[in-house]
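Enquirer:
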Amino acid sequence: MFTLIDPWAVLVAAVVAYVIGWAWYSPLLWGKPWNESRGNAADAPTVMSPRILLYGFVNTLLMSFVIAVMFALVDVFSLVQSLQVALLMCFGFIVTLKFNELIYTNTPPHWGRRAQLLFLIDSGYYIAVFLAVATVLWYLP
């Protein structure tokens, strides 16, 4: 099964996903409301150490690899099917876990605007990333 996985496609998918993450959480898109929903100042700079950036990339690389393994297991045969499998995985695992974080948060109000905004921004990011990784893995066999 692992011989069916192209490591270069997984690497490119991880880089694409990482760039999406950089843009998603930057001031260009959702950085300001994301910071506010986390209780930070809206214009607070997000300073990441090289170690955190490396861990984030390794995590993204692992996620891309697992998606590639799932594609090999279910034998996707079209772009539409790869997007469907990616969305199923994302909603079945990531979005449900993010929703649990929303309902079991320790910071009241649990259903407040800040908690909901954080859920929507983070879930939207993962949906976008899973779709991008699925697309890259489909086009780079």
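Read in order, the letters of the sequence shown are residues 117 to 257 in my numbering. Using N, Cα and C, we set each Cβ at its ideal position, and we do this for glycine too.
Count the other CB atoms within 10 Å of the CB of Asp238; is the residue buried (16 or more) or exposed (fewer)?
Expert: Within the sequence shown, numbered from 1, the residue matching residue 238 stands at position 122. Classification for Asp238: buried.
Enquirer: Measure the CB-CB distance between Asp122 and Leu256 and report whether it falls below 9 Å.
Expert: Along the sequence shown, one-based indexing puts residue 122 at 6. Along the sequence shown, one-based indexing puts residue 256 at 140. Cβ atoms of Asp122 and Leu256: closer than 9 Å.
Enquirer: In whole angstroms, what separates the C-alpha of Gly137 from that of Leu145?
Expert: Numbered from 1 along the sequence shown, position 21 holds the residue referred to as residue 137. Numbered from 1 along the sequence shown, position 29 holds the residue referred to as residue 145. Their backbone Cα atoms lie some 10 Å apart in a straight line.
Enquirer: Which of the three DSSP states, helix, strand or coil, is assigned to Leu144?
Expert: Sequence index remark: in the sequence shown, residue 144 carries index 28 (1-based). Here Leu144 sits in coil by DSSP.
Enquirer: Counting pairs of beta carbons, one from the stretch 124-132 and one from the stretch 168-184, are three or more of them closer than 8 Å?
Expert: Result yes; three or more Cβ-Cβ pairs closer than 8 Å.
Enquirer: With a cut-off of 8 Å on the beta carbons, I'd call Glu125 and Ala184 a contact; round off their distance for me.
Expert: The residue labelled residue 125 in the question sits at position 9 within the sequence shown. The residue labelled residue 184 in the question sits at position 68 within the sequence shown. For the sequence presented, residue 125 should be read as Ala rather than Glu. That pair is a contact at about 7 Å.
Enquirer: Short of 6 Å in beta carbon distance, which residues of its chain neighbour Ile210, apart from the five on each side in sequence? Order them along the chain.
Expert: Along the sequence shown, one-based indexing puts residue 210 at 94. Counting only Cβ-Cβ distances below 6 Å, and skipping sequence neighbours, we find Tyr242.
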